[in-house]
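In what follows, a structure is listed as structure tokens, so that the remarks can point back to it.
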Amino acid sequence: EEIARLVALIAAAPPTAQAFTFGGRPVMAVARPIANTHWWLVVKVDSEEALQNARWLSAVLAVALLSLLAAIGGLGFGLWREQWTRAQLAQVRLGSLLDQAPDVILWLSPEGRVLEASRGATAVYGYDDEQFSQLVLADLLAQPEQAAAVLADLRQQAEDQLFTGTHRRANGETFAVEFRGAHLDGGFLLVLRDIRVRLEQEKELRQLWQAIEQSPAAVVVTDLEGVIEYVSPAFTRITGYSDEEALGENVTMLASGQTPPEVDEEMWATIGAGRVWHGEFCNRRKNGEIYWELDTIAPVLDSGGRPVNYIAIKEDITNTRGAREQLERARRELEQAQKLEAVGRLAAGVAHDYNNLLTILLGDLHLLEQTETPDEVAQIKAEMRATCDQAQGLTRQLLAFSRRQELAPEVLDMNEALEHCLVLLKRLVGEQVDLSIEQTGSGLYCLLDPVRLEQLLLNLVVNARDAVEQNGLIVIRLKPDRLTQVRTWVGGCLEPGDYV
592 EEIARLVALI AAAPPTAQAF TFGGRPVMAV ARPIANTHWW LVVKVDSEEA
642 LQNARWLSAV LAVALLSLLA AIGGLGFGLW REQWTRAQLA QVRLGSLLDQ
692 APDVILWLSP EGRVLEASRG ATAVYGYDDE QFSQLVLADL LAQPEQAAAV
742 LADLRQQAED QLFTGTHRRA NGETFAVEFR GAHLDGGFLL VLRDIRVRLE
792 QEKELRQLWQ AIEQSPAAVV VTDLEGVIEY VSPAFTRITG YSDEEALGEN
842 VTMLASGQTP PEVDEEMWAT IGAGRVWHGE FCNRRKNGEI YWELDTIAPV
892 LDSGGRPVNY IAIKEDITNT RGAREQLERA RRELEQAQKL EAVGRLAAGV
942 AHDYNNLLTI LLGDLHLLEQ TETPDEVAQI KAEMRATCDQ AQGLTRQLLA
992 FSRRQELAPE VLDMNEALEH CLVLLKRLVG EQVDLSIEQT GSGLYCLLDP
1042 VRLEQLLLNL VVNARDAVEQ NGLIVIRLKP DRLTQVRTWV GGCLEPGDYV
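Under this note's numbering, the first residue of the sequence shown is numbered 592, with each subsequent residue one higher.
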């Protein structure tokens, strides 16, 4: 009741002195507002004191009232001044926050009118400060009719609730945003972020993820020790192990023991140095079946260029490798057939040579029968031995060329080796084609199998003979060369160095 009396006293217009009971005692009171503040000065006195010696008390009361008004007025002004200063500082801090915030900050009235906008909002929406002051929330939405629903959601939002939507720039371009709102002085403080780039990146990641998940090749990610951290669905299809069985295990779980140790050593040395490795492994599936896989393994580097993970692309090449082995067997069989064909071609020339050698031997025997002196007999025997040696060498050369045998590399003087082959090669091309060898310098040595060299030269010369007309010319040139790294037709690379 006393508080109600005070409220009524303050609300009285014009202000007049009133008598009522306060604190259980009758009093008289009067209220006056303090200008430019929300403060009121209320002065009360007991009614009994007020009725005694009224004039004297009136004077005293007047002086006291004036003094009290002055004191309270000064105090009230000081409090108002402090409050005003704090408000100014808060406004400065808010302005600084709005200017420096990386996200968009909007202060909206309860009706959705823009009261303040950060510098980031100007950059994102394309409106300047003056234009923002004329805007309402509907002007910023791609669908303005949704403004009322957005404001309703903000009024009823849960704590730290995240909203998403589509907004429109000053040039009409739309973009995706996410934002949070807070209540401020009856309105709303919104913090928004343009998420268009992020959504595009997420879309690209989803597409990449789908490509990995749907790839026929297995994708495996491991730590630096080879412990599996991720496997794609193709890993299960190829190996038979589920992702639950593989995660946390080392990739050696697939080892069959049939991959040469030097392959593993080369692989770890390559990826450990930050380079990409390509190669083949002979592995074992969960059911015990042996299979071959072609691997491409690369390190995943951090911002400092240091490996933090390894990623492997694994392709099952068991069928391909089987087909390749069949092709290799067919190639070897074809090569042998070509050799036999070449032997057949050589037969006529060899038969001619043997006929000549036999003619020499028969002539020597006839002379031997008619010769009696020891010196002449010895000379004829020497000629016969030389003729037999020549025939034996011709036979040995022909047999070595025709039979299958393991490689037996040896250091060959290439000039001598070509001269040695020239006899066979000339018989092969016949008398209608001129075959010669051009040599550049001496000291040209190679480590190779002499029989394979003859086979190589034979194939080259046969192809050349078939390509030239009668009375043509075939020249074999021999020269040194220095090569940089060259990829060969059969795969792999030749190391840089000196070659012939």
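Quick reminder that beta carbons are idealized off the backbone N, C-alpha and C, glycines included.
Identity of the residue in the options nearest residue i by Cα
i: ALA738; options: PHE723, GLY913 and GLY756; result: GLY756
i: GLN748; options: PHE779, THR765, GLN722 and LEU728; result: PHE779
i: LEU568; options: ALA708, ILE819 and TYR1036; result: For the chain, the structure presents residues 592 to 1091; residue 568 sits outside this window and is missing.
i: LEU1013; options: SER847, SER1033, ALA809 and LEU1047; result: LEU1047
i: VAL842; options: VAL782, PRO851, ALA809 and THR813; result: THR813
i: SER720; options: PRO735, ALA761, PHE754 and VAL891; result: A small correction: the amino acid at residue 720 is Asp; Ser does not occupy that position in the sequence shown. Residue ALA761 is the option with its Cα nearest to ASP720.
i: GLN734; options: ARG759, GLN752, TRP883 and LEU753; result: ARG759
i: GLN1061; options: GLU1022, PRO1087 and VAL1053; result: GLU1022
i: ILE819; options: LEU918, GLY839 and SER833; result: GLY839
For residue i, the first and last residue of its enclosing alpha helix (DSSP H)
i: VAL788; result: 787–805
i: THR713; result: 710–716
i: GLY863; result: 852–863
i: GLU835; result: 834–837
Host beta strand (DSSP E) of residue i (start-end)
i: ILE1028; result: 1025–1030
i: PRO735; result: Careful: PRO735 lies outside any beta strand (DSSP E) and carries neither H nor E.
i: ILE888; result: 881–892
i: ILE904; result: 898–907
i: ASP720; result: Per DSSP, ASP720 belongs to no beta strand (DSSP E); it is in the alpha helix (DSSP H), 720–723.
i: ASN874; result: 868–875
i: GLY1088; result: 1088–1090
i: GLU840; result: Here GLU840 belongs to no beta strand (DSSP E), and DSSP marks it neither H nor E.
i: ALA808; result: Per DSSP, ALA808 belongs to no beta strand (DSSP E) and is neither H nor E.
i: GLY848; result: Here GLY848 belongs to no beta strand (DSSP E), and DSSP marks it neither H nor E.
i: GLU1060; result: Looking at the DSSP string, GLU1060 is not in any beta strand (DSSP E), and its letter there is neither H nor E.
i: ALA561; result: The first residue shown for the chain is 592 and the last is 1091, placing residue 561 beyond what the model contains.
i: ASP1004; result: 1001–1004
i: ASP1072; result: 1072–1074
Local Cβ density within 10 Å of residue i, reported as buried at 16 or more and exposed below that
i: SER823; result: buried
i: HIS774; result: exposed
i: GLY1034; result: exposed
i: ILE862; result: buried
i: ASN644; result: With a pLDDT of only 49 at ASN644, under 50, the local geometry of the prediction cannot be trusted, and no value is derived from it.
i: GLU884; result: buried
i: ARG1018; result: buried
i: LEU1026; result: buried
i: ASP966; result: exposed
i: ALA712; result: buried
i: ALA650; result: Low confidence applies to ALA650: its pLDDT is 47, below 50, so where it sits in the model is not reliable, and the reading given next is rough at best. Classification of ALA650: exposed, given that the 10 Å Cβ count is below 16.
i: PRO890; result: buried
i: LEU1049; result: buried
i: LYS635; result: buried
i: THR830; result: buried
i: GLU736; result: exposed
i: THR676; result: Because the pLDDT at THR676 is just 48, under 50, the model does not fix this residue reliably, and the value given afterwards should be weighed accordingly. It counts as exposed.
i: GLU793; result: exposed
i: ILE881; result: exposed
i: ALA622; result: buried
Residue i (DSSP reduced to helix, strand or coil)
i: GLY1021; result: coil
i: ASP751; result: coil
i: ASP1040; result: coil
i: ARG759; result: strand
i: TYR821; result: strand
i: GLY913; result: helix
i: LEU960; result: Rather than Leu, the amino acid found at residue 960 in this sequence is Glu. Three-state result, GLU960: helix.
i: ASP966; result: helix
i: ASN1050; result: helix
i: ALA982; result: helix
i: LYS972; result: helix
i: LEU726; result: coil
i: LEU706; result: strand
i: GLU1010; result: helix
i: LEU815; result: coil
i: LEU1035; result: coil
i: ASP637; result: strand
i: LEU1085; result: strand
The segment 1003–1010 touching the segment 970–980, judged by at least three CB pairs closer than 8 Å: no
Stretch pair the segment 872–883 + the segment 844–861: three plus CB contacts closer than 8 Å: yes
Three-pair Cβ contact test at 8 Å for the segment 1017–1036 versus the segment 1065–1075: yes
Given 8 Å, three or more beta-carbon pairs between the segment 792–807 and the segment 881–899: no
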